[in-house]
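Here the structure is laid out as structure tokens; the discussion comes afterwards.
Numbering (UniProt numbering), first residue to last: 1 to 351.
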């Protein structure tokens, strides 16, 4: 056991895994093979889908607007997460024991940075949607500088959390504080990471709830003056569906991992977190795939752009085709709401 004030920078990975009680396999077990096979599959899908989203945003001028810059940043963060998880899959199982301490921190830092950037961007999108709806602005009028600051803030926070463990927030000098899931990290780091993700979720719930009730109230007010009750119900249901999908996807993918991180961070000895950690991390990684579907693929214009990219078609649009691309009051997941006030459009907000 460690003595007070002593650091173990020259020890092997196996030393820290033995200290935490986490098994370090010397051969490929069936469980390792299953995890790697699933991980490689998810990583490849994450890379392909998010590359497609980035290509669509870059190639279609209709997407050269601030809100789509945030969606592009989300795709970039998820693409980074795919690369980080792919790196993990090639340095896991029996290969873990061969890593140096620096290599282990690189592996962990890539994951922490990419997943933090993805989660923070989800919150940034929610905040920007709230700002756009409450300011009664078209999303094309949002100041680009504000979006750039949001994106910079996201990556500063992500890099900060990703780099801290390697430089200070580890347990190399305090073995009694080591995590079981990540044997070189301090338990307090895992607890803070889990609590920060929970805070992000609660903020997203608050923001989208406020957006929903604001839009619902304005549409209901409009319905009192004009005969548009069917459209009111349709718009409200579409908005509910979008919000439920956004928050539901986050809960399904992130809650299991947050729970085990928090339990490990709080030092729960009776909790068998090691039995499920790899599968819950895979589920969190799958959120990088789900994001591309929820925030991009349900948009009709985005789907058309995907088809053009995948089919490599460079056909000129006829006047009839151009009419099909005219803005619609409903574009799938991006619930567009046009509320007239004194004969003028009041809002065109995209969730």
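All C-beta atoms in this analysis are idealised placements derived from N, C-alpha and C, irrespective of residue type, glycine included.
Exercise for the section: Measure the CB-CB distance between residue 181 and residue 264 and report whether it falls below 8 Å. Expected result: Their beta carbons are under 8 Å apart, which means residue 181 touches residue 264 by this criterion.
Problem - Neighbourhood of residue 173 by C-beta distance below 6 Å, restricted to the same chain and skipping five residues each side - result: Hits under 6 Å: 7.
Practice task
If I'm right that residue 208 touches residue 243 with Cβ under 8 Å, what's the distance once you round it to whole angstroms?
Solution key: Contact between residue 208 and residue 243 holds: CB atoms are separated by about 5 Å, below the 8 Å threshold.
Practice task
Count the other CB atoms, across all protein chains shown, that sit within 10 Å of the CB of residue 269; report buried if there are 16 or more and exposed otherwise.
Solution key: Exposed: under 16 other Cβ atoms inside 10 Å.
Handout entry: Length of the line joining the Cα atoms of residue 329 and residue 70
Key = Its pLDDT being 38, under 50, residue 329 is placed unreliably by the model, and the measurement read from it follows with that caveat. Cα-Cα distance, rounded: 22 Å.
Exercise for the section: Could you tell me whether the Cβ atoms of residue 167 and residue 184 are closer together than 8 Å? Expected result: No, they are not a contact pair.
Exercise for the section: For residue 57, I'd like the list of residues in its chain whose CB is within less than 7 Å of its CB, leaving aside the five on either flank, ordered along the chain. Expected result: Correct list, in chain order: 63, 68, 71, 72.
Practice task
Please name the residue in 38, 214, 219, 152 whose C-alpha comes closest to that of residue 76.
Solution key: It is 152 whose Cα lies nearest to the Cα of residue 76.
Exercise for the section: Alpha carbon to alpha carbon, how far is residue 121 from residue 146? Give it in angstroms, no decimals. Expected result: Per the coordinates, the alpha-carbon of residue 146 lies some 14 Å from the alpha-carbon of residue 121.
Handout entry: Distance between beta carbons of residue 52 and residue 88, contact taken as under 8 Å
Key = At roughly 23 Å, the Cβ-Cβ gap does not stay under 8 Å, so residue 88 and residue 52 are not in contact.
Exercise for the section: Quick one: give me the first and last residue of the alpha helix (DSSP H) that residue 179 is part of. Expected result: Unbroken run through residue 179: none, as it is neither H nor E.
Exercise for the section: At 3 residues or longer, and completely inside the segment 68 to 138: list those beta strand (DSSP E) runs for me, N to C. Expected result: Listed in chain order, nothing qualifies, since the segment 68 to 138 has no complete beta strand (DSSP E) run of 3 or more residues.
Exercise for the section: Name, in chain order, the residues that DSSP records as bridge partners for residue 170. Expected result: Listed as beta-bridge partners of residue 170 by DSSP are 185.
Practice task
Mind checking which residues open and close the alpha helix (DSSP H) that includes residue 32?
Solution key: 30 to 59 is the span of the alpha helix (DSSP H), which, as asked, contains residue 32.
Exercise for the section: Return the Cβ separation of residue 9 and residue 285 in integer angstroms, given the expectation that the two are a contact with Cβ distance under 8 Å. Expected result: Residue 9 to residue 285, Cβ: 30 Å. No contact.
Handout entry: Contact belief for residue 96 with residue 159 at Cβ below 8 Å, rounded distance in angstroms
Key = Actually they are not in contact, since the Cβ atoms of residue 96 and residue 159 sit about 24 Å apart, beyond 8 Å.
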